[in-house]
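I have placed the structure first, in the form of C-alpha cells, so that the comments after it can refer back to it.
Here's what the structure looks like:
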C-alpha cells in the first residue's frame, strides 16, 4: 500500500522509536460479565502486570492510516485469568463458546472469540497502556511524495493515542484495534444457541441461521471454492492425536454464499449433533490472514468424512484443537446490537465494594448516565467518563423536590415537578433514539424507595431493565446480628406510609414483627407517640447510621423509652435505618 511506501522512500532508511509524548486521553477499563473477580484498571494499573511489546501498523480495511507504534501492554489472556472467568451451569462447561465484547469510550465495540485469546500466543491479543510512535529516520521524502500527502501521514505519528488500546497483533487490518477501551465483557451465549443434543449423534447436513431472514440448509459443499489445510490435532485434555489434512470451504466463504455480511460486533457459533459447540468471531475470519484457513471440511486425507457426520469445523492455527467441531449440525450468527435501553442500577449503600458484579457488567453496556451528582462523583472511576445527562436528585420523590423549591406550594409544586420530569424524559428519549443506552443510577436497591419510579410514566417496560442491587437495609441487618424475622414477618416502610396506615403498624406491633423504617431520622422523634400507641415503652429499638459506608457506620441501641436520649447528640439526619421490635433482643429465637 502507498502509505507503507512513505516509510521506505530512502534506501538506507531506519525506523526509530521516538519518546512517547504525554498522552492525555486515558480511560479506566472494567472487566466484567462472566467473571468471579471483576477488575477496574487504569493504564497505571495495567503497567504493573507482566507486559510485552507489540508493534501495530494502524491501517484499516479502507486504507485509512493512523500511524505506526510500538505498544507496551498486557496480554488479554492474563487479565481474564486474573478476573477468573467461570461459566455458570449450562450443560456445556468448556469455555470455547464464550464471546469477549470490547467497547471503547465512544460506544464502538468489537467481539472476540475465546479461542483467539486463549488458543493463540498471549502476545497476539494485548491491552496496551503505552504507545511510542515509530518515525522514519529520514523525514524528507519529497522525492517520493508530495507535501500534501506526507504531512497528514506524519501527523498521525504525533497524534493523541487514547489508552488503554486493544491490540490485535495478527490482524492485517487494524479495525479491531480500538483505542480508549472502557470495558471488556465475557459473555456466554448458551441461552441464544438453538442447537440441542440429539438422540442420534449423526449429522449429514447442517443449518445456517441468523445470517439471513430464513435459515439455510446445507448438504453439499462441492459447488463452492475449496481449500486444503493441515492441522496438528493437539487437545488440552487428550494431547497429540496426529497431523491431519482436511479439504473443505472457508467458513467466511460459506457465510458469504448464504448472504451473511461481516460485522466485527458479531460472532458465529458452530454446534455438533452431540451438543458440543464452539465460537468464532467475524474479525478473525475476515481481518486475520489465518481466517481463510478456518474451514468447514467434508474430506480428510483425500477421503469423504463419513463417520457420525460428514462436516467438521477445523481451525488449524489454534494451538489446541478444542474449538474443532465434528458432526457439524448448526451454524448460527449472533449479533450484540441489542436495542438501546434504560438500565436502572443501584450501586449499593455507599462503599464501592458493595456494588454487585451485575452492576459493573451493565454499566459497561451503557453510553450515558443519569444520577445524583454526588453518586456520579463518588463512582466516577467505574463510569469511564460517560456523560452525565442530568442530576436526578431534584426529580426524586416529591418531598425532595419540595425541599429544593421552598418558594412553591400545592399545585405550583406539582406543575413544576411534572415539567422537570417531562424535560428529563424528553432528553432520555432523544438519547435512546440515537441508539445509546442509559444507566439510571441510584443508591442502594432502587426498587426500595428509589428515585426511578417516575420513569414508568414515560417509558414502556421493554425500554427499561432493573439490575439487582444491595440495600442499606441488607447491610444494617448484618450489623445488627439479629434474626429480625424471628416472629415470622418483617415490615419495611417509611414514616409517611405508616402515618397513612396505622392498621399495618398495629398489626405488626401486635404480632411482634420487626419494623424497619427507611429515611425516618428526621421524623422519628415526632412519631414516637404513634409508636407508643401500639408498642410498649420497653420495646427494643436500634438505629444504624450510614449503613454501607464503612468509615462512618455505627449502631445505637435502646428502647422506645430511652432511644431519644441516647441519640440526642447525633448530627446525622438522613442515612439511617430504624428498627423496632422484640426480635432485636438478644433472647430472640428462631421464627416458628
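In my numbering, the protein residues as written are 125 to 716.
Ideal Cβ positions, reconstructed from N, Cα and C, are used throughout, including at glycine.
| Asked | Found |
| --- | --- |
| Mapping DSSP to helix, strand and coil, what is residue 367? | strand |
| Measure the alpha-carbon distance for residue 509 versus residue 152 and round it to whole angstroms. | 8 angstroms |
| Using the rule of at least 16 other Cβ atoms within 10 Å of the residue's Cβ for burial, across every protein chain shown, is residue 402 buried or exposed? | buried |
| Can you give me the start and stop residues for the alpha helix (DSSP H) that residue 407 sits inside? | 406 to 410 |
| Fully enclosed by the segment 630 to 671, which alpha helix (DSSP H) runs are 4 residues long or longer? | 648 to 658 |
| Could you tell me the alpha carbon to alpha carbon distance between residue 700 and residue 645, rounded to whole angstroms? | 7 angstroms |
| Does residue 247 come out as helix, strand or coil in the three-state DSSP assignment? | helix |
| Is DSSP giving residue 400 helix, strand or coil here? | coil |
| Quick check for students: name the residue ranges of the beta strand (DSSP E) that lie wholly in the segment 563 to 620, counting only runs of 3 or more. | 588 to 591 and 614 to 617 |
| So if DSSP puts residue 224 in a beta bridge, which residue, or which two residues, is it bridged to? | 236 and 310 |
| For residue 383, list the residues DSSP reports as bridge partners. | In the DSSP output, where bridge partners are listed per residue, residue 383 has none listed. |
| So is residue 635 buried or exposed if we call it buried at 16+ other beta carbons inside 10 Å? | exposed |
| Let's see if you can read the secondary structure: which residues bound the beta strand (DSSP E) around residue 354? | 351 to 359 |
| Going by beta-carbon coordinates alone, are residue 492 and residue 591 separated by less than 8 angstroms? | no |
| Looking at the secondary structure, which residues open and close the alpha helix (DSSP H) in which residue 196 lies? | Looking at the DSSP string, residue 196 is not in any alpha helix (DSSP H); the run it does join, the beta strand (DSSP E), is 189 to 199. |
| Could you give the distance in angstroms between the alpha-carbon of residue 397 and the alpha-carbon of residue 311? | 23 angstroms |
| How many angstroms separate the CA atom of residue 174 from the CA atom of residue 308? | 19 angstroms |
| Within this structure, are the beta carbons of residue 393 and residue 317 separated by less than 8 angstroms? | yes |
| Beta carbon of residue 202, beta carbon of residue 162: below 8 angstroms? | no |
| Tell me the DSSP secondary structure of residue 241 in three-state form. | helix |
| Going by DSSP in three states, residue 304 sits in which element: helix, strand or coil? | coil |
| Nearest CA to the CA of residue 302: which residue from 558, 520 and 231? | 231 |
| Are the segment 444 to 455 and the segment 566 to 582 touching, with three or more C-beta to C-beta distances below 8 angstroms? | no |
| Along the chain, where does the beta strand (DSSP E) containing residue 421 start, and where does it finish? | 419 to 424 |
| What is the rounded straight-line gap between the Cα of residue 355 and the Cα of residue 217? | 25 angstroms |
| Based on the DSSP output, what are the partners of residue 257 in its beta bridges? | 193 |
| Do the segment 665 to 677 and the segment 613 to 626 meet, that is, are 3 or more Cβ pairs less than 8 angstroms apart? | no |
| Taking DSSP's pairing of strands, which residues face residue 472 in a bridge? | 568 |
| If you count every other CB in all the chains shown that lies within 10 Å of the CB of residue 335, and 16 or more means buried, which is it? | buried |
| Would you kindly check if the distance between the Cβ of residue 442 and the Cβ of residue 239 is under 8 angstroms? | yes |
| Would you call residue 228 buried or exposed, if buried means 16 or more other Cβ atoms sit within 10 Å of its Cβ? | buried |
| Leaving out five residues on either side along the sequence, give the residues of the same chain with a beta carbon under 8 angstroms from the beta carbon of residue 147. | The predicted position of residue 147 is uncertain, since its pLDDT is 43 and thus under 50; a value taken from the coordinates is nonetheless stated next. The residues are 254, 255, 284, 285, 286 and 287. |
| Please determine whether the Cβ atom of residue 233 lies at a distance below 7 angstroms from any heavy atom of the ligand NAP. | This structure does not include the ligand NAP; it has no bound ligands of any sort. |
| I need the straight-line Cα distance from residue 408 to residue 641, nearest angstrom please. | 56 angstroms |
| Roughly how many angstroms separate the alpha carbons of residue 662 and residue 600, rounded to a whole number? | 22 angstroms |
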